[in-house]
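Numbering (this note's numbering), first residue to last: 1492 to 1682.
Just so it is clear, CB atoms sit at the ideal spot from N, CA and C, and this is done for glycine as well.
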Amino acid sequence: MGKVIFISGIDTDVGKTIATGIYAKKLMEQGCSVITQKMIQTGCKNIADDLLVHRKIQGIDLTEEDLQGKTCPYVFEYPCSPHLAAKRESRKIEAKIIEKSTALLAEKYDYVLLEGAGGLMVPYCEEATTLDYIQLNNYPLILVTSGKLGSINHTLLSLEACRTRGISVLSVMYNGYPEYDLLLVKKPNAI
1492 MGKVIFISGI DTDVGKTIAT GIYAKKLMEQ GCSVITQKMI QTGCKNIADD LLVHRKIQGI
1552 DLTEEDLQGK TCPYVFEYPC SPHLAAKRES RKIEAKIIEK STALLAEKYD YVLLEGAGGL
1612 MVPYCEEATT LDYIQLNNYP LILVTSGKLG SINHTLLSLE ACRTRGISVL SVMYNGYPEY
1672 DLLLVKKPNA I
């Protein structure tokens, strides 16, 4: 049975997808069999956009599991939080379906890198947040952060939330992209 590592971030658009792809590639270079999984993807159709980025970074084609929907059991067209996207499409997100997909992948691969949607506290369904899901499944976490304005606060709050819930944080990955914070580019005297 492979090891599942959850990858989340301090916010949406912080670089989880790039970090997930790079980490998968590094594990592959060490001789491990690795698959990335997206818990839920909003803002696209059919194959999750983030999986396309993962595969490009990994230097591989889409997998059989990608084409079967196992690597992203829920895809929604509207770009918003998972619980709202599901509500807009009159669908229900069930943790058991995601868990089943992850378990099937873990039977075949040494590592499953499971990327969340948005930040830790985003609701993935009406009843629970991503952090609830991580805690429920006892997954170790890689937390992705950035240098954008406010990230120190968001990072420390995220780490505190994990500590309070007993979630093991394997590492904090700093994403240096984008190189410049858009707020500071638009308003250089803002700080």
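Distance, Cα to Cα, Leu1553 vs Lys1529?
-> Taking the sequence shown and counting its residues from 1, the one referred to as residue 1553 is at position 62. Taking the sequence shown and counting its residues from 1, the one referred to as residue 1529 is at position 38. In a straight line, the C-alpha of Leu1553 is about 13 Å away from that of Lys1529.
Using 10 angstroms around the beta-carbon of Asp1557, count the other beta-carbons present and answer buried if the total reaches 16, otherwise exposed.
-> On the sequence shown, residue 1557 is found 66 positions in, with the first residue counted as 1. Asp1557 is buried by the Cβ-count criterion.
Terminal residues of the continuous beta strand (DSSP E) containing Lys1529?
-> By 1-based counting over the sequence shown, the position of residue 1529 is 38. That run of the beta strand (DSSP E) goes Val1525 to Lys1529.
Please name the residue in Cys1653, Ile1588 and Val1635 whose C-alpha comes closest to that of Ile1531.
-> Start at 1 with the first residue of the sequence shown, and residue 1531 comes out as number 40. When only C-alpha atoms are compared, the closest one is Ile1588.
Helix or strand or just coil, what does DSSP make of Tyr1624?
-> As a position in the sequence shown, residue 1624 is number 133, starting the count at 1. Residue state, collapsed to three classes: helix.
Decide if the segment 1507-1516 is in contact with the segment 1576-1586; the criterion is three or more beta carbon pairs, one per stretch, under 8 Å apart.
-> no
Does the distance from the C-beta atom of Gly1493 to that of Ala1597 stay below 7 Å?
-> In the sequence shown, the residue the question calls residue 1493 occupies position 2. In the sequence shown, the residue the question calls residue 1597 occupies position 106. Against a cut-off of 7 Å, the Cβ pair of Ala1597 and Gly1493 comes out as a contact.
Mind the definition here: the segment 1633-1648 touches the segment 1560-1568 only if three or more C-beta pairs lie below 8 Å; say whether that holds.
-> no
Is it right to say Arg1546 is buried, meaning 16 or more other beta carbons lie within 10 angstroms of its own, or is it exposed?
-> As a working mapping, residue 1546 is identified with position 55 in the sequence shown. Buried, because 16 or more other Cβ atoms sit within 10 Å of the Cβ of Arg1546.
Below 7 Å CB to CB, which residues in the same chain sit around Val1525 once its five sequence neighbours on both sides are set aside?
-> To locate residue 1525, count along the sequence shown from 1; it is residue 34. Hits under 7 Å: Ala1515, Leu1518, Met1519, Tyr1600, Asp1601, Tyr1602 and Leu1604.
Determine the closest residue to Val1660 out of Gly1607, Cys1563, Tyr1630 and Ser1572, with distance taken between C-alpha atoms.
-> Counting from 1 along the sequence shown, the entry for residue 1660 is found at position 169. Cα-wise, what sits closest to Val1660 is Tyr1630.
Secondary structure at Asn1629, three-state DSSP: helix, strand or coil?
-> For the purposes of this step, residue 1629 is identified with residue 138 of the sequence shown, where counting begins at 1. The answer is coil: DSSP assigns Asn1629 none of H, G, I, E or B.
List the DSSP bridge partners of Gln1532.
-> Reading the sequence shown from its first residue, position 41 is the one you call residue 1532. Its beta-bridge partners are Val1566.
Taking the alpha carbon of Asn1666 as the point to measure from, which residue in Thr1646, Thr1655 and Ile1658 has its own alpha carbon closest?
-> Start at 1 with the first residue of the sequence shown, and residue 1666 comes out as number 175. Ranking the options by Cα distance to Asn1666, first place goes to Thr1646.
With a Cβ-Cβ cutoff of 7 Å, do Gly1609 and Thr1527 count as a contact?
-> Sequence index remark: in the sequence shown, residue 1609 carries index 118 (1-based). Sequence index remark: in the sequence shown, residue 1527 carries index 36 (1-based). Contact: no.
Taking Lys1494 as part of the beta strand (DSSP E), name the residues at either end of that continuous run.
-> Your numbering for residue 1494 matches position 3 in the sequence shown. From DSSP, the beta strand (DSSP E) with Lys1494 extends over Lys1494 to Gly1500.
Check: Ala1652 C-beta below 6 Å from any heavy atom of the ligand HEM = The ligand HEM is absent from the structure shown, which contains no ligand whatsoever.
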